[in-house]
Amino acid sequence: MVAHPDDAELLAYGTLRRYRELGATVTVLCLTRGINDVSVIDAARGARLTERERIDEAQAAWDGAGVEVTCLGLPDGALHPDRELISLVESDLIARECTTLITHSPHGRQRSPGPPRPRRGHHQ
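Take 2 as the starting number for the sequence shown in this note's numbering and just add one per residue.
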């Protein structure tokens, strides 16, 4: 489950491909269509994304992998972790009989934290 199309590819492409190779059913659930994700330069030139464009791009990234991309179509840039959003997501996950969920960090970090740091007083 990710906020925008292409987030799953950036965050967990290899992991999701491996799950699929091991026989799992893998669905990328995008909460929004990500239509606000146009570079500042492109936006200044008047570039806009269509409702379907980002989802189609994400699905193309998974072509041949047996991974489905689907979207709840919530407003891009306006997600709030309230009861309504949680209920909507829970309902979708239950309907899909989801057993493993991979998603964004709850701390908003979208990159690897890097190698573990030695603890104080611990010598290598």
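In this text, a Cβ means the ideal position worked out from N, Cα and C, and glycines have one as well.
For residue i, the residue or residues it bridges with in DSSP
| i | result |
| --- | --- |
| Leu1 | The structure shown does not extend to residue 1, since the chain is modelled only from 2 to 125, so the question has no answer here. |
| Thr101 | Its beta-bridge partners do not exist; DSSP assigns none. |
| Thr26 | None; Thr26 has no bridge partner. |
| Gly69 | Here residue 69 is Glu; the residue named in the question, Gly, does not match the sequence. BP columns for Glu69 point to Thr28. |
Close beta carbons around residue i, own chain, < 8 angstroms, minus the five adjacent residues each side
| i | result |
| --- | --- |
| Arg21 | Val27, Ala66, Gly67 and Val68 |
| Asp77 | His5, Thr33, Arg34, Gly35, Ile36, Asn37 and Asp38 |
Contacting residues, own chain, Cβ-Cβ under 6 angstroms from residue i (five flanking each side not counted)
| i | result |
| --- | --- |
| Glu52 | Arg34 |
| Leu75 | Leu32 and Thr33 |
| Leu73 | Leu32 |
Whole-number beta carbon distance between residue j and residue i, since they are thought to touch under 8 angstroms
| i | j | result |
| --- | --- | --- |
| Ala4 | Leu80 | 6 angstroms |
| Ala59 | Asp7 | 6 angstroms |
| Glu10 | Ala62 | 5 angstroms |
Interface flag, residue i vs chain B, CB-CB below 7 angstroms
| i | result |
| --- | --- |
| Leu17 | No chain B appears in the structure shown, which is made up of a single protein chain. |
Exposure of residue i, with buried meaning 16 or more beta-carbon neighbours within 10 Å
| i | result |
| --- | --- |
| Leu30 | buried |
| Leu17 | buried |
| Pro119 | Because Pro119 sits at a pLDDT of 48, beneath the cut-off of 50, its placement in the model cannot be relied upon, and the point is left open. |
| Val41 | exposed |
Residue interval of the alpha helix (DSSP H) (run including residue i)
| i | result |
| --- | --- |
| Arg18 | Asp8 to Glu22 |
| Ala96 | Arg84 to Ala96 |
| Val41 | Val41 to Ala45 |
| Asp38 | Asp38 -> no alpha helix (DSSP H), and no H or E assigned at all. |
| Asp64 | Note, Asp64: premise wrong, no alpha helix (DSSP H); not H, not E. |
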